[in-house]
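Undergrad: Residues in the sequence shown are numbered consecutively from 4, following my numbering.
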Amino acid sequence: MASPEKMERFFKKNHILEENIKYIIRQDSKTCLYLFNGKVVKTYIPAKTIITSLGSSHFININKGIYINSRYVIDIKGNNYTMIDNKCFEGRSRLSSDQKTFNDEWQTNINKADLENPVLSHLHILDDCPIGFSVIEIVFNEQGNGVDFFFRYCNKQMVQIEELPLDQLIDHSFLELFPDDNLTWVASYADVAINNTQKVIHSYSYTLKKYLSVYCFQLKPRFCGCIVFDSEKTIKEILSHGFPFAPSHFDFLKQYVK
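#1: Helix, strand or coil for Lys67, going by three-state DSSP, please let me know.
#2: Quick one: using the 10 Å Cβ neighbour count with 16 as the cut-off for buried, is His61 buried or exposed?
#3: Between the stretch 205–214 and the stretch 183–190, are three or more C-beta pairs nearer than 8 Å?
#4: Would you identify the three-state DSSP class for Phe39, choosing helix, strand or coil?
#5: Can you check which of these residues, Ser99, Thr34, Asp31, Asp194, is closest to Asn72 by C-alpha distance?
#6: Give me the DSSP bridge partner(s) of Leu215.
#7: With DSSP collapsed to three states, give me the class of Ser191.
#8: Counting only the same chain and skipping the five closest in sequence on each side, list residues whose C-beta sits under 7 Å from that of Ser137.
#9: Within 10 Å of its beta-carbon, does Ile87 have 16 or more other beta-carbons around it, so buried, or fewer, so exposed?
#10: Under three-state DSSP, which class holds Ser60?
#11: Can you give the Cα-Cα distance for Lys51 and Arg95, rounded to whole angstroms?
#12: By DSSP, does Asp174 sit in helix, in strand, or in coil?
#13: Check for me: the beta strand (DSSP E) holding Lys16 runs from which residue to which?
#14: Between the Cα of Asn198 and the Cα atoms of Leu211, Cys219, Ile19, Leu167, which residue gives the shortest distance?
#15: Rounded to whole angstroms, what's the CA-CA distance from Ser32 to Tyr47? Just pull it up for me.
#16: Just the C-alpha distance for Arg225 and Asp107, rounded to the nearest angstrom, thanks.
#17: Keeping to the same chain, check which residues put their C-beta closer than 6 Å to that of Gly5; ignore five residues upstream and five downstream.
#18: Rounded to whole angstroms, what's the CA-CA distance from Ile65 to Ile79? Just pull it up for me.
#19: Sort Leu172, Ile164, Thr111, Arg29 by Cα distance to Glu264 and report the nearest one.
#20: By Cβ distance below 6 Å, which residues in the same chain neighbour Cys227 in space, the five residues on each side in sequence not counted?
Written as structure tokens, this is what we have:
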């Protein structure tokens with residue numbers, strides 16, 4: 004078994020974190036880690052060793068040589084699992100106890116989405132909020148083997164941030180509006196909307212050509228609430244503040260400057 008030191012070097016060299024692995028598959032006598040950036044890391048280290056070293060309880064062995072990150076499952080039909088990138092895997096016909104538990108919990112969470120939630124009907128109170136706010140819904144296609152993300156609400160500030168009028172945002176697909184942005188965004192939205200996690204995303208939008216900070220939380224199952232900041236604009240506003248800042252106030256930035 005690989006030593007903890009060896010595993011740490013392996014993860015660091017390949018920039019691997021549990022949250023950026025979609026699934027792990029055994030192929031051609033190698034363990035293949037499929038990452039969100041499209042990269043596939045191949046190694047002779049056993050999948051079980053990798054998962055143990057990550058310390059993650061999110062991976063489920065659904066079939067021989069197939070481990071999926073349960074945080075990024077967006078649909079389950081019988082023993083078939085559809086992942087965030089619409090890749091579908093066939094699980095064992097006879098479910099393991101871990102699979103059955105996960106399937107039941109996942110289905111319970113999705114079914115809750117049909118319950119009434121008055122929060123969604125009162126979002127107009129945020130229309131004039133000076134902070135960007137939107138609600139994204141995960142929508143499955145009729146065949147149940149695909150997923151898309153639709154804006155269900157955007158306040159006026161989102162028009163400034165996204166550089167689109169409201170009628171081009173509301174009920175339009177995130178994937179169509181921002182085709183150049185990577186899967187990291189939608190993976191975070193899915194994790195929040197389905198698994199009731201909370202996420203903070205600091206990333207660059209290649210479509211908008213700007214850095215954004217997005218704070219995500221679940222409004223109700225399948226719905227992700229997003230507090231959105233234009234990071235560059237925010238920093239400029241802080242630095243152009245009318246009152247002078249002592250240099251010591253920015254000492255914390257030194258650790259990020261090489």
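Glycine is no exception: its CB is placed at the ideal position from the N, C-alpha and C atoms.
TA: Per the coordinate set shown:
#1: Coil, per DSSP.
#2: Classification of His61: buried, given that the 10 Å Cβ count is 16 or more.
#3: Result yes; three or more Cβ-Cβ pairs closer than 8 Å.
#4: Of the three classes helix, strand and coil, the one that applies to Phe39 here is coil, per DSSP.
#5: In terms of CA proximity to Asn72, Asp194 leads the group Ser99, Thr34, Asp31, Asp194.
#6: Looking at the DSSP output, Leu215 sits in a beta bridge with Ser206, Asp233.
#7: DSSP places Ser191 within a helical segment (H, G or I) once states are collapsed to three.
#8: Phe154, Tyr156, Cys157, Met161, Cys229, Val231, listed in sequence order.
#9: Buried: at least 16 other Cβ atoms inside 10 Å.
#10: Ser60 carries a coil assignment under DSSP once its states are collapsed to helix, strand and coil.
#11: Spanning the two alpha carbons is a distance of roughly 18 Å.
#12: The answer is coil: DSSP assigns Asp174 none of H, G, I, E or B.
#13: Per DSSP, Lys16 is not a residue of any beta strand (DSSP E); the alpha helix (DSSP H) it occupies stretches across 7–16.
#14: It is Cys219.
#15: Taking the straight line from one Cα to the other gives about 7 Å.
#16: Straight-line Cα distance between these residues: approximately 16 Å.
#17: Contrary to the premise, residue 5 reads as Ala rather than Gly in this sequence. Counting only Cβ-Cβ distances below 6 Å, and skipping sequence neighbours, we find Ile48, Thr52.
#18: Looking at the backbone, the Cα of Ile65 and that of Ile79 are separated by about 12 Å.
#19: This structure cannot speak to residue 264, because the chain is shown only from 4 to 261.
#20: Contacts found: Ile139, Tyr192, Val195, Ala196, Cys219.
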